[in-house]
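Just so you know, the protein sequences line up as chains A and F, in that order.
Take the first sequence: its letters are residues 1 to 110, numbered as in this note's numbering.
Take the second sequence: its letters are residues 1001 to 1112, numbered as in this note's numbering.
Note that CB positions come from ideal geometry on N, CA and C, so glycine has one too.
Since the model is a prediction, treat every value here as computed from it, not as a measurement.
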Amino acid sequence: RKEVEQDPGPFNVPEGATVAFNCTYSNSASQSFFWYRQDCRKEPKLLMSVYSSGNEDGRFTAQLNRASQYISLLIRDSKLSDSATYLCVVNIPGTYKYIFGTGTRLKVLA
Amino acid sequence: DTEVTQTPKHLVMGMTNKKSLKCEQHMGHRAMYWYKQKAKKPPELMFVYSYEKLSINESVPSRFSPECPNSSLLNLHLHALQPEDSALYLCASSHKPDEKLFFGSGTQLSVL
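Structure representation (structure tokens):
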């Protein structure tokens, strides 16, 4: 099993749709989880940290399921500008090592 | 100021050239990182400096040489690179382990 696994997509969705991505991780001791957004040839930008209780920021909701070892990202009311690659990032506890998923490509269509 | 600044944004170099990438942050972060990213792949860790000391080297070839002159600056010295080293080089910083990474805008490097 890969340390961090994501469906690479692409997910092609119409504007206004709701879309969800999952990311599974193998290290049950991991405590820190993040979603980053990356546009082509640009740097990853932090979208959300993922907390045990789940968290929401506008149209974006992140959830953590420790029992099944996955995190999720829900995007509501998709905008054209949401088109990007979404990277799931998991920290190896107590270290400076972060494991990146391969990313999920989202394309929002007009 | 929540910025990590990288220069140059683009760099083209020959295989015999020596060049340096520079990174700066003023967030008081004590960890700074170099990542390499090829197209359509996730970033790969190269080096980590913690409190200005090299704490992780992911078996990177010696033609890449990192340097951390102080807690705000991180350099990556390049010498005798190969065409396969062409990639986006990203600098990042974090306050401590387990915390979110802040990335610079990257240097797009082409080795001819």
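As computed with DSSP, Leu1090 (chain F) is found in a beta bridge with F:Tyr1035.
One alpha carbon belongs to Ser1110 (chain F), the other to Val1012 (chain F), and they sit about 5 Å apart. The C-beta of Pro10 (chain A) comes no closer than 7 Å to any C-beta of chain F.
Counting along the chain, Arg105 (chain A) sits inside the beta strand (DSSP E) bounded by residues Thr104 to Leu109. Looking from the CA of Leu1112 (chain F), the closest CA among F:Pro1097, F:Asp1085, F:Gly1106 and F:Ser1105 belongs to F:Asp1085. Counting only the Cα atoms, Ser30 (chain A) lies some 15 Å from Ser53 (chain A). Burial state of Cys40 (chain A) is exposed, judged by a 10 Å Cβ sphere holding fewer than 16 other Cβ atoms. For Asn65 (chain A), the enclosing beta strand (DSSP E) stretches over residues Phe60 to Asn65. Residue A:Val13 holds the alpha-carbon nearest to the alpha-carbon of Val108 (chain A) among A:Gly9, A:Lys2 and A:Val13. Segment contact: the region 35-49 of chain A against the region 78-89 of chain A, three or more CB-CB distances shorter than 8 Å; contact assigned. Around the CB of Tyr1049 (chain F), 16 or more other CB atoms lie within 10 Å, so the residue is classed as buried.
In terms of Cβ geometry, Thr18 (chain A) and Glu5 (chain A) do not form a close pair [threshold 7 Å]. A distance below 7 Å separates the beta carbons of Leu106 (chain A) and Phe11 (chain A). Under a 10 Å Cβ-count criterion, Thr1107 (chain F) is classified as buried, with 16 or more other Cβ atoms of the shown protein chains found around its own Cβ. Residues of the region 1044-1077 of chain F with a C-beta atom less than 7 Å from some C-beta of chain A are Leu1045, Val1048, Ser1050, Ser1055 and Ile1056, listed in chain order.
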